[in-house]
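Heads up, the sequence shown is in my numbering, so the first residue is 1 and it goes up one at a time. C-beta: ideal position from N, C-alpha, C; glycine also. Worksheet: one structure, shown below.
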Amino acid sequence: METKLLKADEDGLKTAAELIRKGETVVFPTETVYGLGANALCPLAVEKIFKAKGRPSDNPLIVHIADREKLLEIVKEVPEKARQLMDKFWPGPLTIIMEKTDKIPDVVSAGLSTVGIRMPENKEARAFLKYAGIPVAAPSANISGKPSPTTFEDVCQDMDGKVSAIIEGEPSNVGVESTVIDMTLDVPVVLRPGGITVEQIEAEIGEVLVSCGLKESSVPKAPGMKYKHYAPKAKVYIVKGTVSDLKEKLTEKKGFFKKVGILCFDEFVGELSPFGEALSLGSMKRPEDAAKNLFTLLRKMDKLGVDVIFAPEIPENGLWLAVKNRLYKAAADNIIDIKTAKWIYFVCTGNTCRSPMAEGIFSCVRENVITSSAGLMANNGDFANDKAVISAKRLGADIKGHRSKRLTLDMVNSSDYVVVMTNEMKNALSDFKNVVLFSALSKGCEDVSDPFGASQEIYDECANQIKKLSEKAKI
Ligand code: TXA
Ligand code: MG
1 METKLLKADE
11 DGLKTAAELI
21 RKGETVVFPT
31 ETVYGLGANA
41 LCPLAVEKIF
51 KAKGRPSDNP
61 LIVHIADREK
71 LLEIVKEVPE
81 KARQLMDKFW
91 PGPLTIIMEK
101 TDKIPDVVSA
111 GLSTVGIRMP
121 ENKEARAFLK
131 YAGIPVAAPS
141 ANISGKPSPT
151 TFEDVCQDMD
161 GKVSAIIEGE
171 PSNVGVESTV
181 IDMTLDVPVV
191 LRPGGITVEQ
201 IEAEIGEVLV
211 SCGLKESSVP
221 KAPGMKYKHY
231 APKAKVYIVK
241 GTVSDLKEKL
251 TEKKGFFKKV
261 GILCFDEFVG
271 ELSPFGEALS
281 LGSMKRPEDA
291 AKNLFTLLRK
301 MDKLGVDVIF
311 APEIPENGLW
321 LAVKNRLYKA
331 AADNIIDIKT
341 AKWIYFVCTG
351 NTCRSPMAEG
361 IFSCVRENVI
371 TSSAGLMANN
381 GDFANDKAVI
391 SAKRLGADIK
401 GHRSKRLTLD
411 MVNSSDYVVV
421 MTNEMKNALS
431 DFKNVVLFSA
441 LSKGCEDVSD
451 PFGASQEIYD
461 ECANQIKKLS
471 EKAKI
């Protein structure tokens with residue numbers, strides 16, 4: 001599909017509005033992140049959003065409006081506290097969930113009886129929505145699973161060729177998505193922290209619950225929060241410990257990774273630079289900076305081709321909560337204590353079946369480990385075997401992004417353990433004291449045999465064996 005790149009001037013915005021009215025998709029800038037919009041009242045138009053993003057259809061979309069005039073056509077009622085929030089925070093980065101009317105099709109709400117409504121503040125977004133004259137359904141304009149786009153460049157990378165038009169705006173000011181609050185319950189629930197803080201909301205309407213996987217609460221999360229999110233290609237680890245501990249470890253473990261990425265703050269970027277690609281979120285005192293920079297930096301790490309990202313712990317107060325939520329999701333909640341974490345290489349022959357499954361499964365079932373994998377006879381750059389990807393996924397490990405590499409001396413020397421699959425491999429590496437047979441970590445002596453060429457059932461068996469050995473391993 002040819003994508004029109006439109007300037008954010010009157011002409012461009014009117015062209016964009018025209019396209020949206022015709023049932024096409026348009027990417028538009030907002031103060032939070034760029035949105036991928038379509039006519040919210042037209043199911044066929046909305047389908048195009050899911051297709052462009054590769055988004056699962058059980059994840060509802062936010063509906064964007066320019067003014068409150070026709071709000072009652074799309075929601076059944078506006079609860080009093082919701083009205084208070086609108087008065088205070090609209091236009092702005094706050095999405096309010098209310099009971100929907102039949103005008104909002106099921107594809108938008110993913111079958112729920114509710115719909116999230118937001119009135120963005122960004123000037124171009126408002127003009128575009130005003131010209132369009134219809135409610136516009138729009139998720140963040142990233143390919144599903146990737147960090148949300150906050151610049152025209154990032155959005156083009158994901159969406160050029162997949163949508164009818166992209167409006168070229170300024171970089172998003174807030175940088176993380178809107179706060180999502182469910183106002184259909186007796187006590188309102190914040191489902192996603194964002195540009196408006198929990199503290200700001202409570203100052204306005206009193207106590208709310210927070211359900212975003214960080215703060216304690218028993219209510220269900222927003223449907224969108226269960227998917228892999230915001231993830232760059234490299235594995236992300238949240239580092240507990242001091243900057244000097246991190247520096248010490250990265251010196252000791254030099255050679256474990258080819259290219260290390262470090263997310264940090266202005267205060268430390270100078271001293272961390274010699275240890276990898278160090279990128280700063282901004283000052284430690286300014287959560288606004290971290291919010292604004294986070295997604296672009298995660299994407300920049302991809303461009304730099306790092307194979308791991310170490311990131312700092314983030315506080316939970318104010319806007320930090322939104323930053324923490326995004327970053328910890330990108331890290332799939334991998335939090336390590338840098339002083340005590342174990343650095344482990346898993347090794348098999350080709351590094352496309354057993355060892356990538358072990359790398360993924362081990363870090364799913366064990367905490368405080370940094371894992372990688374390699375093969376004794378591996379090519380560099382092969383994908384993991386399709387069946388291995390499926391079997392690992394069944395046990396919760398995503399190894400789709402894996403690329404094979406051959407074991408080097410640097411890798412062995414920088415590992416706490418080099419875990420091999422068979423006795424034969426152990427013998428081949430008998431010169432190295434840190435090489436250990438996988439099953440020997442739990443006092444066993446059996447091999448993990450090569451499933452290559454066998455059926456999916458055999459791969460599943462192999463993955464299950466790896467899972468058991470991972471759970472039992474004494475490290
Ligand atoms: O800042 C933003 O909100 C951006 C810009 C483009 O406006 N949009 C955005 O949309 O982040 P999206 O689709 O990436 O995230 C919407 C989130 C998802 O986690 C979704 O599950 C939740 O809001 N959500 C939407 N409607 C909901 C509903 N009726 N009930 C519960 N959660 C809902
Ligand atoms: Mg999103």
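Between residue i and residue j, is the Cβ-Cβ spacing less than 8 Å?
{"i": "His229", "j": "Gly116", "result": "no"}
{"i": "Val46", "j": "Leu36", "result": "no"}
{"i": "Ile166", "j": "Thr179", "result": "no"}
{"i": "Val176", "j": "Val190", "result": "no"}
{"i": "Val365", "j": "Ile344", "result": "no"}
{"i": "Asp266", "j": "Gly241", "result": "no"}
{"i": "Asp416", "j": "Lys474", "result": "no"}
{"i": "Arg21", "j": "Ala132", "result": "yes"}
{"i": "Val236", "j": "Ala311", "result": "yes"}
{"i": "Arg354", "j": "Asp450", "result": "yes"}
{"i": "Lys292", "j": "Asn379", "result": "no"}
{"i": "Asp245", "j": "Lys339", "result": "yes"}
{"i": "Asn334", "j": "Ile238", "result": "yes"}
{"i": "Lys53", "j": "Pro147", "result": "no"}
{"i": "Glu481", "j": "Gly92", "result": "Outside the shown range of the chain (1 to 475) lies residue 481, about which nothing can therefore be said."}
To the nearest angstrom, how far is it from the Cα of residue i to the Cα of residue j?
{"i": "Cys156", "j": "Leu5", "result": "9 Å"}
{"i": "Phe89", "j": "Arg406", "result": "54 Å"}
{"i": "Ala331", "j": "Pro356", "result": "18 Å"}
{"i": "His64", "j": "Ala137", "result": "6 Å"}
{"i": "Pro79", "j": "Leu71", "result": "12 Å"}
{"i": "Met159", "j": "Lys443", "result": "52 Å"}
{"i": "Glu99", "j": "Gln465", "result": "48 Å"}
{"i": "Leu94", "j": "Pro43", "result": "24 Å"}
{"i": "Ile201", "j": "Leu321", "result": "14 Å"}
{"i": "Glu170", "j": "Thr408", "result": "45 Å"}
{"i": "Ile458", "j": "Phe275", "result": "42 Å"}
{"i": "Lys259", "j": "Leu112", "result": "44 Å"}
{"i": "Phe346", "j": "Pro315", "result": "34 Å"}
{"i": "Val219", "j": "Cys212", "result": "Low per-residue confidence applies at Val219: pLDDT is 41, beneath 50, and the placement is therefore not dependable enough to give any value."}
{"i": "Ala463", "j": "Asn122", "result": "49 Å"}
{"i": "Arg403", "j": "Pro135", "result": "43 Å"}
{"i": "Val412", "j": "Met421", "result": "15 Å"}
{"i": "Met225", "j": "Phe256", "result": "Any reading at Met225 must be qualified, since the residue scores a pLDDT of 46, below 50, and its modelled position is unreliable; no value is offered."}
{"i": "Lys103", "j": "Glu288", "result": "37 Å"}
{"i": "Ala454", "j": "Val163", "result": "41 Å"}
{"i": "Lys221", "j": "Arg192", "result": "Any reading at Lys221 must be qualified, since the residue scores a pLDDT of 44, below 50, and its modelled position is unreliable; the value itself is stated next. If you take the alpha carbons of Lys221 and Arg192, they lie about 8 Å apart."}
{"i": "Asp447", "j": "Pro105", "result": "55 Å"}
{"i": "Pro120", "j": "Asp410", "result": "51 Å"}
{"i": "Met1", "j": "Thr25", "result": "11 Å"}
{"i": "Ala440", "j": "Asn423", "result": "10 Å"}
{"i": "Lys247", "j": "Leu272", "result": "7 Å"}
{"i": "Ala374", "j": "Thr352", "result": "9 Å"}
{"i": "Lys81", "j": "Glu471", "result": "48 Å"}
{"i": "Glu252", "j": "Asp337", "result": "15 Å"}
Regarding residue i and ligand 1, is the C-beta to nearest heavy atom distance less than 7 Å?
{"i": "Arg286", "result": "no"}
{"i": "Ala78", "result": "Here the sequence assigns Val to residue 78, which means Ala is not the residue at that position. Outside the cutoff, so no."}
{"i": "Arg83", "result": "no"}
{"i": "Ser211", "result": "no"}
{"i": "Arg326", "result": "no"}
{"i": "Ser144", "result": "no"}
{"i": "Asp182", "result": "yes"}
{"i": "Val115", "result": "yes"}
{"i": "Arg366", "result": "no"}
{"i": "Asn39", "result": "no"}
{"i": "Leu61", "result": "yes"}
Compute the minimum distance between the beta carbon of residue i and the heavy atoms of ligand 2, and state whether it is under 7 Å.
{"i": "Lys177", "result": "The question names Lys, but residue 177 in the sequence shown is Glu. The answer is yes for Glu177."}
{"i": "Pro139", "result": "yes"}
{"i": "Ser148", "result": "yes"}
So, under 8 Å CB-CB, residue i and residue j are touching, yes? Tell me the CB distance rounded to an integer number of Å.
{"i": "Val479", "j": "Phe438", "result": "For the chain, the structure presents residues 1 to 475; residue 479 sits outside this window and is missing."}
{"i": "Arg126", "j": "Ala66", "result": "6 Å"}
{"i": "Ala428", "j": "Leu469", "result": "Not confirmed; about 20 Å, so no contact."}
{"i": "Ala8", "j": "Glu124", "result": "4 Å"}
{"i": "Glu73", "j": "Thr32", "result": "The Cβ separation is near 25 Å, so there is no contact."}
{"i": "Ala279", "j": "Leu263", "result": "The sequence given here places Leu at residue 279; Ala does not occur at that position. Their Cβ separation, rounded to whole angstroms, is 6 Å, which keeps Leu279 and Leu263 in contact under 8 Å."}
{"i": "Phe128", "j": "Ala17", "result": "6 Å"}
{"i": "Pro188", "j": "Tyr34", "result": "About 27 Å separates the two Cβ atoms, so there is no contact after all."}
Give a single yes or no on whether residue i has its beta carbon closer than 7 Å to a heavy atom of ligand 4.
{"i": "Ser373", "result": "Ligand 4 is not part of the structure shown, which contains ligand 1 and ligand 2 as its ligands."}
Consider the Cβ of residue i: report whether some Cβ of chain C lies at a distance smaller than 8 Å.
{"i": "Asn464", "result": "Of the chains in the structure shown, none is chain C; there is only one protein chain."}
Per the contact definition of three or more C-beta pairs closer than 8 Å, is the region 360-377 in contact with the region 394-403?
yes
Whether or not the region 232-251 and the region 299-312 are in contact is what I'm after, with contact meaning three or more pairs of Cβ atoms, one per stretch, closer than 8 Å; do they touch?
yes
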